[in-house]
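Each remark here refers to the structure printed beneath this line.
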Amino acid sequence: MNKLKLWLEQTMMISFAIFVGIIIEGLVYSFMGDNLADFNLTWLQLVSVILTGAVCSLPTLFWLTDDLPKNKFIVRIILHCICLYAVVTLFGFVFKWFEHMEGFIFMTIIYFMVYIYVCLMTLWFHKRDENQINKALDDIRDEE
Amino acid sequence: MQVIVERVNSKEEEQAVIKAVEVTDEISGAIELLEGDSKSFTVSKDGKVYIIKASAVYYIESVDKKTFVYTKQGCYDCKYRLYELEVMLGGYFMRCSKSMIINLKKIKNVKSQISGRVDATMLNDEIVVISRGYVKDVKRRLGIG
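Taken in order, these protein sequences are the chains called A and B. In terms of our numbering, the first sequence opens at residue 54 and continues consecutively. In terms of our numbering, the second sequence opens at residue 466 and continues consecutively.
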């Protein structure tokens, strides 16, 4: 049940980040002179974003276990990042997110932005848990 | 529910009286928490049997189907299985990994790691790992989940 919740949380977080990336992409193209009204998403593209979020969340559940030493965990995160990049590129190709090299480069930039955003958010959640637990422990701690 | 706290002069005088129409889950939880410190169980060390209070326990570990109880005075063998102790002790004792039960009242502080696990520094400066999967349970038990 915990894994299912974690998977759904990660799916929502990644999908949201991709949508933010798409908004940024639209704004950048608009800034470069394109008409923002011409920039639209098809139903299939919307579904493909959520599907990508769901697929990209799966390795996190089984690969990033918490019983690894810090250095091994960092190596695994790098491999995880590369593996997900391959998945996103494949989905991008299948769902036609990009047609030219320029679009591919943009997708790559968005991917790394999303990955860093998800990592930072996860770290922030952990830090918030740490602070909340420490505060609650202050109230119940035995004196020795 | 109205809560009345009266100050007393000694530990022996301490008591809690709960007046309720029925014993709800919340009241059962409160009883479990209040009784937690007064519970005791038998352990052994070097062939001698001791009775220790739950409040003296820092954490309990299961290794190769044997159960070890850690206190400030040292480590003891215990005949009970981990799941039995978990039910027996209740209160602020809870699973922090598949093979460990931790006494939340004996944690000095916690530090989250990059992997999501949480390292708990006990009052005796030992570090006990709270696995990522159990962090939410710990938060819930502390009333912040």
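By construction, the Cβ of each residue, glycine as well, lies at the ideal position given by its N, Cα and C atoms.
- Query: Relative to the alpha-carbon of Leu607/B, which residue among Asp195/A, Glu197/A, Gln185/A and Glu196/A has its alpha-carbon at the smallest distance?
  - Reply: Here residue 607/B refers to the residue found at position 142 of the second sequence. Here the closest residue by C-alpha is Gln185/A.
- Message: Please give the ranges of any beta strand (DSSP E) in the segment 518-566 of chain B, keeping only runs that are unbroken, at least 3 residues long and fully inside the region.
- Response: 522-528, 531-536, 539-543 and 558-562
- Message: Applying the 10 Å Cβ sphere with the 16-neighbour rule, what's the burial state of Asn88/A?
- Response: Residue mapping note: residue 88/A aligns to position 35 of the first sequence, counting from 1. Exposed, because fewer than 16 other Cβ atoms sit within 10 Å of the Cβ of Asn88/A.
- Message: Just verifying my parser: in three-state terms, what is the DSSP assignment at Met587/B?
- Response: Translated into positions along the second sequence, residue 587/B becomes position 122. DSSP, reduced to helix, strand and coil, places Met587/B within a strand of the structure shown.
- Query: Are at least three pairs of beta-carbons, each pair with one atom in the segment 146-157 of chain A and one in the segment 91-108 of chain A, less than 8 Å apart?
  - Reply: yes
- Query: What residues match up with Asn184/A in a beta bridge as DSSP calls it?
  - Reply: Numbered from its first residue, the first sequence carries residue 184/A at position 131. Per DSSP, none; premise fails for Asn184/A.
- Message: Could you check whether the Cβ of Gln185/A sits closer than 8 Å to any Cβ belonging to chain B?
- Response: Mapped onto the first sequence, residue 185/A falls at position 132. Yes, because at least one Cβ of chain B sits closer than 8 Å to the Cβ of Gln185/A.
- Ser564/B at chain A interface by Cβ criterion, 8 Å: Here residue 564/B corresponds to residue number 99 of the second sequence, with the count starting at 1. Cβ-Cβ to chain A under 8 Å: no for Ser564/B.
- Message: Using 8 Å as the cut-off, can you tell me whether the segment 521-530 of chain B makes contact with the segment 550-568 of chain B, which would need three or more C-beta pairs spanning the two stretches below that distance?
- Response: Result yes; three or more Cβ-Cβ pairs closer than 8 Å.
- C-beta contact flag for Ser475/B and Asp195/A at 8 Å: Working through the second sequence from its first residue, we reach residue 475/B at position 10. Working through the first sequence from its first residue, we reach residue 195/A at position 142. Cβ atoms of Ser475/B and Asp195/A: not closer than 8 Å.
- Task: Give the residues from the segment 580-592 of chain B that approach chain A closer than 8 Å (Cβ to any Cβ), ordered along the chain.
- Result: Ser580, Gly581, Arg582, Val583 and Leu588
- Within its chain, find whatever has a CB closer than 8 Å to the CB of Leu97/A; leave out the 5 residues flanking it on each side and keep chain order. As a working note, residue 97/A is residue 44 in the first sequence. Cβ within range, chain order: Phe148.
- Name, going along the chain, the residues of the segment 75-90 of chain A whose beta-carbon falls closer than 8 Å to a beta-carbon of chain B. none
- Taking Cβ positions only, does Ile193/A come closer than 8 Å to chain B? As a working mapping, residue 193/A is identified with position 140 in the first sequence. True, the Cβ-Cβ gap to chain B drops below 8 Å.
- Using the beta-carbon count (16 or more within 10 Å), is Cys109/A buried or exposed? As a working mapping, residue 109/A is identified with position 56 in the first sequence. Cys109/A is buried by the Cβ-count criterion.
- Quick one: list the residues of chain A neighbouring Ile609/B, beta-carbon separation under 9 Å, in chain order. Numbered from its first residue, the second sequence carries residue 609/B at position 144. Correct list: Asp182, Gln185, Ile186, Lys188 and Ala189.
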